[in-house]
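Worksheet: the structure to be examined is printed underneath.
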Amino acid sequence: MTRRDFVRVGAQGLALAAIPVVFRVNPAAAFSVPAGGDTRLSTFLDHFSVSETDIRQVMGVALERGGDFCDLFFEHRITNWVGLEDEAVNQAYSTIDLGLGIRVLEGDQSGFSFTEELTLQAMKRAARTASRIAKETANAAPEKLAFAETPDYHVIKQPWEQVGIDQKIPYLQKINSNIHSLDKRIIKSRLWFGDQTSYCMIATSDGLIVCDYRPMTQIAASCTAEQGNQREKNGFSLSGRQDLNFYSQVNIDRIAKEAVGRTVRLFDAVKPEAGEMEVVLAAGNSGILLHEAIGHGMEADFNRKGISIFADKINKKVAEDFVSIVDDGTCEHARGSLNVDDEGNNTEKTFLVENGILKSYLHDNISAKHYGVTPTGNGRRQSFRYPPMPRMRCTYMLPGPHTKDEIIASCKKGIYAESFNNGEVHIGAGDFTFYVNSGNLIENGKLTAPIKDINIIGNGPEVLRNIVMVGDDPRLAEGGGMCGKNGQGVPTSMGLPTAKVSAITVGGVSS
Amino acid sequence: MNSKERLALAHWVATEANKNGADEAAVNLSNSRDVSVQFRDRTLEELNESVQNSLSLSIYANHRYSAHTTNDLRKESLERFISEAVAMTKYLSEDEFRTLPDPKHYTGREDIDLQVYDEAYESVTSDERIRIATAIEDAALGHSDRLISCTTGFNDSLYESVKVHSNGFEGVRRGTSFSAGAEATVKGDGDNRPEDWDWRTVRFLKDMPAPEQLGINAVNRALGKLGQKKIESGTYDMIIENRTAGRFIYPLYGPMQASSLQQKNSWLDGKQGERIASDKLTMIDDPFIKSGLGSRLFDGDGIATKQRTIVDKGILKSYYIDWYYGRKMGLEPTVGSSTNLTFGLGNRSLDEMVKGLERGILVTGFIGGNSNSLTGDFSYGIMGKLIENGQVVHPVNEMNISGILVDIWNQLEEMGNDEWVYSSWRRPSMYFKDVQFSGI
């Protein structure tokens, strides 16, 4: 229960779970979710077997002791994993989660409860529990709920509920056979095919009701290779709010090629010298730097409480003019993107840093009210079992004026960090780390020996100031990143063009 | 639902799975009740209360295997859940090693009271929760003018589960736990806002340290970070404080698991019977500690637990072998995952070890970092204190330690006598010689 925050990325960060056919709350509910209008709302109401009147009644109970606001978060989530191990697709896992989270706000105070039974009686019981935070006279529930249309940033053609396990198995078999044909040194491979479908319906005492349909998928491959008496392992994953078409021939081939390539190159890997040095961050995954160095520190709950090193720094110069960093909920098909956040607010492209100036915190409803601003659509939660809080979505840096070649050539002695598998930050001190599992040394402006297994540690504001070059090659990470905060995990995305930090501490060996 | 009703439902699910075509089935049905309060600025900031259910079903059909979890326990939903789960399993490849455990491993279960249920749980009231959280806050707020923010909390939890296997296993668990503590942030130099925490978890409420102690400790720890800075890279002796040492034990524990070994993903592969650490490391898996946070009479496979020596004076004695990977490897199962881990203790307290340190770093927390389970390469961010001649010179941060696990565990010089009992891994403080630190 510390305030440590972390992100896990890559093939090793998978939780398990999975199945194919179809698990639905209400077997009679239609699969296709209408694009909009009253039909969409009625489809979701049917899906959860509740009526608008039920919802308003539950709100009435939630506000019976007062409270400024309440919201109801209905969720039905089906998660499937199919696994290949020891050359056979021999395991499958699935998880079904269904329930309603109810929150009552009174100023900055919140009462929360959830129920896994969606009967009126059980929902009212949970509402009564959440209402205990308030101690005033009753407020009225809204007389009517207005359905709000939402955008769709991840249009898919085929819902995952319609994709049977028999359709997924050949993908794993194909990737596995590619892996072994690419390099005979591979002695073990493990593959996972995951998909998830979430139906969310969010109703607030402001009289708003929104519905969201959230697909997600991931294929992750990990390999162990043996050469003489040396063994190495690594992996690769692709993930997004996509459908089966995401796994094109090109992508399937890439998964195998990247997983193998990233593994066997470690046979030649060395460790850099320990200490401060220049670090060039490869385009893509290195967005983990932004996530840890600034993203968490800009989540408004930490600032509202005055415990972030970025508290009171809005509108101040924090980086070079060519540094602009956004947290964007609208990136199409990205893991971290959301049509609406878990409080029902539309997402947006929020500038954390614009041309070197710190611009905006990431807000949920509580912090937006506290600061008197519009919510930025960053209120997220792991599931209906948790209250929302400000979280990142897709955090990346806009392109800068330099080229990748220029950046590498400018570095006399340092490292080129390419893939990562976790990071962490301490909000108050601003100290953050990320773990590099592959990259290269840079010597006299050239990439040389591969490196592996080093931790990089720095201070957020200091590292922002030390970003001295930014490339013109922006890229988003492609794998499945999960971000943890206060015990809640949510999928996030990140990205970066090639960028150089002039000095940061690298774990390594003594010279 | 009480235990009897849960058992009846679990048996019904197993029978339904069989009727649908499963040869064998394992069913786990659990229920937990959690209540938590959180205070900040003398205000009840969060009040959370909930009950959650979970049913998991593992299916073995013609040596094909799949596992499924749902919280929708309505009978018509479950019927559909079971039939679909069994139906999809047939698409998977056969795996001759996928079976329920041989029932002989269910026998010999100890008949002892592990004392993991606190009768006092039933009488904890809202007022009591609030009293404890506010007492922690009062102590913290009164302790330093530098305090920027202090969040305190208390939560209590009741967990009940039943486990049924279609080949004859039946087991019930029931336990309570209580957590309390504080997170404090203080004003540092410039923009720096050092933070630290003190949270404890216990089975019995009476074992919780005094609330005042938790509040003051969290603030003192944050104050102890004022003026932190990094120092020169180099080799330093290292003492890891007991509460934070769990992070450093994980890279030793993970590779001991059968799944890691069988998948050739472990630096401990082939090391049973060999020296993997200095003779100061003795590690025992003890499922029977009274009120232990990891105490249990059977493991996730239903196999009766036993006390086992994992590492004896540096020699690796036993792996964590579950039923499935054990069969794949041709090994008898031990236990699938750790219960309570205890360690051979030394004679000195943390204070005494620090006082005896000529020059080194006391690590009070890890930040980020990782280890490679296959090669044993590791690199972790740390924070702590530079010690010279037994005295704290100044706090340090923004530094990494790096090396190879087999080397560093052989550099283990001494274990403290201060077992950390607020975790199932009851580790003491640990003293390592000549560790590679990177800083400036």
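So the protein lines, in turn, are chains A and B. All you need for the working numbering is the position in the first sequence, starting with 1, plus 13. All you need for the working numbering is the position in the second sequence, starting with 1, plus 1119. Glycine included, every Cβ here is placed at the ideal spot set by N, Cα and C. Nothing here was measured: the structure is a model prediction, and the numbers come from that model.
Assign residue i to buried or exposed, taking buried as 16 or more other Cβ atoms, counted over all protein chains shown, within 10 Å of its Cβ.
{"i": "G494 (chain A)", "result": "buried"}
{"i": "Y1369 (chain B)", "result": "exposed"}
{"i": "S1490 (chain B)", "result": "buried"}
{"i": "A512 (chain A)", "result": "buried"}
{"i": "V263 (chain A)", "result": "exposed"}
{"i": "G1227 (chain B)", "result": "exposed"}
{"i": "A43 (chain A)", "result": "At A43 (chain A), the pLDDT of 34 sits below 50, so the modelled position is not reliable; the number obtained from the coordinates is stated separately. Burial call: exposed."}
{"i": "T518 (chain A)", "result": "buried"}
{"i": "R1161 (chain B)", "result": "exposed"}
{"i": "P164 (chain A)", "result": "exposed"}
{"i": "D1230 (chain B)", "result": "exposed"}
Rounding to the nearest angstrom, what Cα-Cα distance links residue i and residue j in this structure?
{"i": "L195 (chain A)", "j": "G241 (chain A)", "result": "18 angstroms"}
{"i": "R78 (chain A)", "j": "T505 (chain A)", "result": "37 angstroms"}
{"i": "A83 (chain A)", "j": "I115 (chain A)", "result": "At residue 83 (chain A) the sequence reads Cys, which differs from the Ala that was named. Between C83 (chain A) and I115 (chain A), the C-alpha separation is close to 7 angstroms."}
{"i": "R348 (chain A)", "j": "S218 (chain A)", "result": "29 angstroms"}
{"i": "E437 (chain A)", "j": "R394 (chain A)", "result": "19 angstroms"}
{"i": "A1423 (chain B)", "j": "V95 (chain A)", "result": "30 angstroms"}
{"i": "V38 (chain A)", "j": "S62 (chain A)", "result": "Here the model assigns V38 (chain A) a pLDDT of 35, short of 50, so the residue's position is not dependable, and the following value carries that caveat. Between V38 (chain A) and S62 (chain A), the C-alpha separation is close to 8 angstroms."}
{"i": "L54 (chain A)", "j": "L1324 (chain B)", "result": "47 angstroms"}
{"i": "N1274 (chain B)", "j": "I1201 (chain B)", "result": "35 angstroms"}
{"i": "D281 (chain A)", "j": "C236 (chain A)", "result": "16 angstroms"}
{"i": "E98 (chain A)", "j": "L204 (chain A)", "result": "7 angstroms"}
{"i": "G529 (chain A)", "j": "L251 (chain A)", "result": "The requested residue 529 (chain A) is not part of the displayed model; chain A covers only 14 to 524."}
{"i": "Y1372 (chain B)", "j": "W1442 (chain B)", "result": "18 angstroms"}
{"i": "A1136 (chain B)", "j": "N152 (chain A)", "result": "49 angstroms"}
{"i": "R1319 (chain B)", "j": "L1333 (chain B)", "result": "8 angstroms"}
{"i": "L1148 (chain B)", "j": "Y1444 (chain B)", "result": "24 angstroms"}
{"i": "E333 (chain A)", "j": "N434 (chain A)", "result": "28 angstroms"}
{"i": "D1264 (chain B)", "j": "E1256 (chain B)", "result": "14 angstroms"}
{"i": "L1339 (chain B)", "j": "D1317 (chain B)", "result": "The question names Leu, yet the displayed sequence has Asn at residue 1339 (chain B). Distance between the alpha carbons of N1339 (chain B) and D1317 (chain B) is about 10 angstroms."}
{"i": "H1224 (chain B)", "j": "G1421 (chain B)", "result": "8 angstroms"}
Can you find a CB in chain B that lies within less than 9 angstroms of the CB of residue i?
{"i": "Y106 (chain A)", "result": "yes"}
{"i": "Q134 (chain A)", "result": "no"}
{"i": "V503 (chain A)", "result": "no"}
{"i": "R198 (chain A)", "result": "no"}
{"i": "H376 (chain A)", "result": "no"}
{"i": "E98 (chain A)", "result": "yes"}
{"i": "K372 (chain A)", "result": "no"}
{"i": "E174 (chain A)", "result": "no"}
Are the Cβ atoms of residue i and residue j separated by less than 9 angstroms?
{"i": "P285 (chain A)", "j": "I428 (chain A)", "result": "yes"}
{"i": "A1329 (chain B)", "j": "C1269 (chain B)", "result": "no"}
{"i": "S1557 (chain B)", "j": "G1413 (chain B)", "result": "no"}
{"i": "E1302 (chain B)", "j": "T1271 (chain B)", "result": "yes"}
{"i": "M405 (chain A)", "j": "P487 (chain A)", "result": "no"}
{"i": "T302 (chain A)", "j": "A238 (chain A)", "result": "The amino acid occupying residue 302 (chain A) in the given sequence is Leu; Thr does not appear at that position. For L302 (chain A) and A238 (chain A), no; Cβs fall outside 9 angstroms."}
{"i": "N3 (chain A)", "j": "P463 (chain A)", "result": "The first residue shown for chain A is 14 and the last is 524, placing residue 3 (chain A) beyond what the model contains."}
{"i": "N1572 (chain B)", "j": "G1488 (chain B)", "result": "It is not possible to answer for residue 1572 (chain B), since the shown part of chain B is limited to 1120 through 1559."}
{"i": "D444 (chain A)", "j": "G1343 (chain B)", "result": "no"}
Counting only C-beta atoms, is residue i closer than 9 angstroms to chain A at any point?
{"i": "Q1391 (chain B)", "result": "no"}
{"i": "Q1382 (chain B)", "result": "yes"}
{"i": "G1487 (chain B)", "result": "yes"}
{"i": "Q1332 (chain B)", "result": "no"}
{"i": "F1551 (chain B)", "result": "no"}
{"i": "Y1438 (chain B)", "result": "no"}
{"i": "D1564 (chain B)", "result": "The structure shown does not extend to residue 1564 (chain B), since chain B is modelled only from 1120 through 1559, so no value can be given for it."}
{"i": "G1547 (chain B)", "result": "In the sequence as displayed, the identity of residue 1547 (chain B) is Pro instead of Gly. No, P1547 (chain B) does not count as interfacial toward chain A."}
{"i": "V1430 (chain B)", "result": "no"}
Could you check whether the Cβ of residue i sits closer than 8 angstroms to any heavy atom belonging to the ligand ATP?
{"i": "V483 (chain A)", "result": "With respect to small molecules bound, the structure shown includes none, and the ligand ATP cannot be examined in it."}
- Scan the stretch 1378-1408 of chain B and note each continuous beta strand (DSSP E) run of 3 residues or more that stays entirely inside, going in chain order. Segments of the beta strand (DSSP E) lying fully in the stretch 1378-1408 of chain B: 1402-1404.
- Item | Inside the stretch 170-231 of chain A only - beta strand (DSSP E) runs reaching at least 3 residues | The beta strand (DSSP E) runs lying completely inside the stretch 170-231 of chain A and spanning 3 residues or more are 199-217, given in chain order.
- What alpha helix (DSSP H) runs, 4 residues minimum, are completely inside the stretch 1140-1169 of chain B? The qualifying runs do not exist here; there are none.
- Taking only runs that begin and end inside the stretch 312-357 of chain A, name each unbroken alpha helix (DSSP H) of 4 or more residues, in chain order. Here the runs fully enclosed are 313-317.
- Unbroken alpha helix (DSSP H) runs of length 4 or more, entirely within the stretch 1446-1486 of chain B: which are they? Runs of the alpha helix (DSSP H) lying entirely within the stretch 1446-1486 of chain B and spanning at least 4 residues, in chain order: 1469-1474.
- Query: Could you give the uninterrupted runs of the alpha helix (DSSP H) lying entirely in the stretch 236-323 of chain A, keeping only those of 4 residues or more?
  - Reply: Counting only runs of at least 4 residues, the stretch 236-323 of chain A fully encloses the following alpha helix (DSSP H) elements, listed from N- to C-terminal order: 262-277 and 313-317.
- In the stretch 364-447 of chain A, which residue ranges form an unbroken alpha helix (DSSP H) of at least 4 residues, counting only runs that do not cross its ends? With a minimum length of 4 residues, the continuous alpha helix (DSSP H) runs that stay inside the stretch 364-447 of chain A are 378-384 and 417-422.
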